[in-house]
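What follows is a set of notes on a single structure, which appears directly below.
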Amino acid sequence: MNNFSKYPIFKHTFFLILGVLIYHQFAVKISTDGLVIIVAILSALSAHFIFIKKAKIWYSNLRSITFCIIMIFAGYGLSLHHDATQDPKHLLNQTKDYAEYIIQISSPAEEKNKTFGYDAKVIAARQDSVLFPVNGKIKLYISKKAANLPVYGDIIISSIQPKRVEGSKNPNQFDYAAFLALSDIYHQTYLPEGSFTNSSINQANPFFTAVFKLRAYTKGVLSEYLWNADSKAITQALLMGDKSMLEDQLKNAYANVGAMHVLAVSGLHVGIIYLLLTLGMRRKTGKWRATYIIGIVLPVLWFYAAFTGLQPSVLRAVTMFSLLAIGQINRRAGNVYNTLLLSAFILLLFNPKLIYTVSFQLSYTALAGILIFQPILEKQLKVKNRIAKSIWQISTVGIAAQITTFPLGLYYFNQFPNYFLLSNLIVIKAATVELLAAIALVISSAILSLLAVVIGQFIDVFITNVNRLIYMIDSLPASTIQGVSISLMQTFTLYTIIISLALIIFWGMRIKYAIPLFIATVLFSSESLLKYKYLLDQTELVIYHDKHTLRADLFSSGQLAKTISSSDPESTNNFSYSGHRIHNTLNNKNETLPESLSLEKNTMLKLGDDLQLLIINEYPGQSINNDMITPHASLLLNVYHSDYDELIAQADEVIISPSMKTYQRHQLNQLELKKVIDIGEKGAIIYHPDIKGWRPYAEIDYPKNLFSHLQKMYIQRK
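Taking the working numbering, the leading residue of the sequence shown gets 0, the next gets one more, and so forth.
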């Protein structure tokens with residue numbers, strides 16, 4: 000592992016990724032022409048160094064440096080090429096509205112409560128009978144009441160302008176807009192009944208038409224032969240990569256025990272398909288082997304990747320197994336590390352944004368951990384019994400994967416499954432049985448329906464019992480460490496600690512490995528201590544953006560001191576604000592609920608001598624007490640009535656809740672108020688005593704790492 004000359008693709012991949020990060024993380028923009036000129040010059044220099052026969056060391060070093068710079072600019076250029084926002088024809092760069100938009104449907108319909116959802120793309124726009132070359136991917140939602148609903152490949156025409164997808168409006172909330180942007184989707188459109196015309200033109204891709212038909216057939220088979228809803232949902236996730244049917248309770252149970260990875264199609268599933276395809280291939284040689292691999296194995300693997308939705312984890316696995324299959328043509332067992340790196344390199348060439356997807360990161364870190372640590376761990380215990388050896392091998396796979404993925408798990412999901420070893424012993428073997436049974440079910444449904452019924456009943460019983468075991472593990476004491484919050488910097492320091500410890504323990508104790516270990520440990524601990532002190536000294540009131548209810552939290556001394564709600568105050572795990580509670584408290588277990596203030600009536604909330612917030616939550620049938628009307632108070636309106644106009648005029652600030660009725664909001668806007676904070680527009684707002692005023696959360700400079708913590712402390716002292 001310490002000889003990087005064995006892994007030449009490492010350098011290519013590392014500097015390609017560096018170029019991608021530079022493009023997206025820094026405000027360094029180079030024109031396409033300038034980029035071409037730079038790469039051409041560097042390529043010429045690189046070619047010059049390659050053909051120079053002098054053996055001087057500095058020539059060799061300069062050649063390596065030049066090549067690394069070329070790869071950085073390659074990553075930068077690929078990111079520029081794949082950045083839809085740089086296209087002047089993109090919806091983002093249009094300065095006017097068009098009379099009509101021509102839209103092509105890119106996926107089958109996905110049924111929702113009141114609409115059908117589609118992936119789609121705008122291919123042109125029309126104004127005064129003139130077509131303009133406008134483009135951009137969109138999320139399209141069409142009312143179920145609409146007639147002539149489109150199918151994959153249809154061209155429809157609508158006068159409704161696509162709207163920009165809004166980003167998160169609460170602190171530490173999942174940013175759906177950023178998630179869609181990774182797929183170059185920045186807009187969405189809702190089409191009510193009668194708002195579009197189906198042109199009757201279909202431009203479907205024949206390959207994806209076949210894929211979608213097979214998916215629809217498979218869903219029909221699962222619906223027909225699987226009677227248990229959870230069994231149907233898990234089989235659909237295992238076989239097709241579609242987790243839309245999974246209930247939250249079941250999904251949370253699998254996540255809590257560290258078994259969620261088996262419900263996402265990945266290397267395990269693709270590996271099973273690969274083994275089935277290559278059974279008996281060892282005995283074949285020559286042209287037959289090459290023809291079979293190129294004509295059968297590779298097409299089936301990539302068809303399966305398309306069938307499961309071309310997810311990053313599937314793409315990684317299929318690319319890796321494709322490279323392994325190509326190596327098998329000449330019976331060459333390639334270096335598995337180079338194969339892993341080469342697969343990442345190839346995928347990033349086609350889509351540099353994959354580096355930012357969680358599934359891509361987890362997929363590669365997990366497999367890297369298994370390849371590096373599993374053989375070493377397995378050797379630590381020699382087991383002769385066949386069953387015990389199998390259990391130990393599965394355990395070492397789980398431990399190896401957790402070593403390299405737990406920092407990302409803490410960073411993205413704020414939890415760690417304590418019983419992951421126990422759950423992996425169950426789900427890895429179970430997933431293999433379930434996947435093979437599901438494939439057999441789909442095949443037998445077209446051949447012998449009676450056999451399909453038997454297989455369906457087996458799957459129902461088998462998955463039901465596996466789920467019972469998962470729920471049992473989840474119910475064990477301390478099954479999951481939850482509410483862990485670490486920064487991006489701490490994530491990197493954790494990986495530095497893991498790498499340094501591995502080099503020291505497994506590859507010999509050396510002082511050069513102990514130095515980064517010491518530095519990373521100090522940085523991680525320092526940031527944790529400074530965050531602890533910051534939260535301990537902090538007091539803040541947050542009013543969240545929630546269209547369904549008025550919701551606020553009071554944080555004090557690192558704890559959630561009070562939760563305020565106009566309805567359902569016991570609900571403490573709502574997705575819109577649970578993230579901020581995790582990042583803003585020292586004890587995130589939520590074992591006991593904080594004091595809850597249910598806003599059934601108008602309420603005055605006082606935060607020391609600094610904040611007086613009068614919350615209006617009901618119509619003026621109940622008179623407001625005189626002691627509620629105080630000078631320099633902020634007024635939070637969840638409802639509006641003209642009887643409150645005098646009170647509104649006296650308030651220092653008028654805050655409008657996003658849950659206020661639309662017609663009331665319209666009436667309030669007629670007053671032409673000057674000191675208004677509309678949470679519906681600005682997002683969540685936060686009150687800090689040291690700021691002495693309300694500010695949108697996006698403007699609050701929270702310390703995000705060690706250096707920002709130090710800077711914050713320095714400013715406070717000044």
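Note that CB positions come from ideal geometry on N, CA and C, so glycine has one too.
- Query: Among the residues of its own chain, which have a CB less than 7 angstroms from the CB of residue 296, if the five just before and after it don't count?
  - Reply: 276, 277, 324
- Message: Using 8 angstroms as the threshold, is the C-beta distance between residue 613 and residue 634 below it?
- Response: yes
- Query: Under the rule that 16 or more other beta-carbon atoms within 10 Å means buried, what is residue 547, buried or exposed?
  - Reply: exposed
- Taking buried to mean at least 16 other C-beta atoms within 10 Å of its own C-beta, is residue 637 buried or exposed? buried
- Message: Let me check one thing: in DSSP terms, what residues is residue 604 bridge-paired to?
- Response: 612
- Excluding the five sequence neighbours on either side, which residues of its own chain have a C-beta within less than 8 angstroms of the C-beta of residue 516, listed in chain order? 495, 496, 499, 500, 503
- Cβ-Cβ separation, residue 225 to residue 459 (assumed contact under 8 angstroms), whole Å: 6 angstroms
- Query: Based on the DSSP output, what are the partners of residue 789 in its beta bridges?
  - Reply: Residue 789 lies beyond the stretch modelled for the chain, which goes from 0 to 717, so this question has no answer here.
- Message: For a test of the three-state rule: what should DSSP assign to residue 255, helix, strand or coil?
- Response: helix
- How far does the beta strand (DSSP E) with residue 539 in it reach, from first residue to last? 538-542
- Using the beta-carbon count (16 or more within 10 Å), is residue 521 buried or exposed? exposed
- Straight-line gap, residue 436 to residue 580 (C-alpha atoms, nearest Å): 43 angstroms
- Could you tell me if residue 665 is buried or exposed, where buried requires 16 or more neighbouring beta carbons within 10 angstroms of its beta carbon? exposed
- Query: Run through DSSP, which three-state label would residue 199 get?
  - Reply: strand
- Task: For residue 481, I'd like the list of residues in its chain whose CB is within less than 6 angstroms of its CB, leaving aside the five on either flank, ordered along the chain.
- Result: 414
- Query: residue 156 and residue 198: beta carbons closer than 8 angstroms?
  - Reply: yes
- Task: Let me know the secondary structure DSSP gives residue 486 once reduced to three states.
- Result: coil
- Query: Grouping DSSP H, G and I as helix and E and B as strand, with all else coil, what is residue 553?
  - Reply: strand
- With C-beta atoms as the reference, is residue 273 less than 8 angstroms away from residue 300? yes
- Nearest-angstrom Cβ-Cβ length linking residue 372 and residue 399, presumed shorter than 8 angstroms: 4 angstroms
- Query: Roughly how many angstroms separate the alpha carbons of residue 674 and residue 68, rounded to a whole number?
  - Reply: 53 angstroms
- Query: Cα separation between residue 463 and residue 457?
  - Reply: 10 angstroms
- Does DSSP classify residue 664 as helix, strand or coil? helix
- Select from 135, 73, 449 the residue whose C-alpha is nearest the C-alpha of residue 88. 135
- Simplified DSSP assignment, three categories, for residue 308: coil
- Return yes when the Cβ of residue 141 is within less than 8 angstroms of the Cβ of residue 190, no when it is not. yes
- Task: Pull up the distance between the alpha-carbon of residue 186 and that of residue 94, whole angstroms please.
- Result: 15 angstroms
- Is the CB of residue 635 under 8 angstroms away from at least one CB in chain C? Of the protein chains in the structure, only one exists, and it is not chain C.
- Shortest alpha-carbon distance to residue 544 belongs to which of 603, 689, 576, 85? 576
- If you run the structure through DSSP and keep just helix, strand and coil, what is residue 698? helix
- Given a threshold of 16 other Cβ atoms within 10 Å of its Cβ, counted over all protein chains shown, does residue 426 qualify as buried or as exposed? buried
- Query: When you compare each of 643, 211, 117, 338 to residue 728 by their alpha carbons, which one comes out closest?
  - Reply: This structure leaves residue 728 out entirely; the chain is present only between 0 and 717.
- Task: Would you kindly check if the distance between the Cβ of residue 81 and the Cβ of residue 311 is under 8 angstroms?
- Result: no
- residue 238 to residue 409, Cα distance in whole Å? 28 angstroms
- Message: Let's test the definition: count the other Cβ atoms within 10 Å of the Cβ of residue 386 and tell me whether it reaches 16, buried, or not, exposed.
- Response: exposed
- Task: Assuming residue 119 and residue 101 form a contact by the criterion Cβ under 8 angstroms, report the distance between their Cβ atoms to the nearest whole angstrom.
- Result: Incorrect: roughly 11 angstroms between the Cβ atoms, too far for contact.
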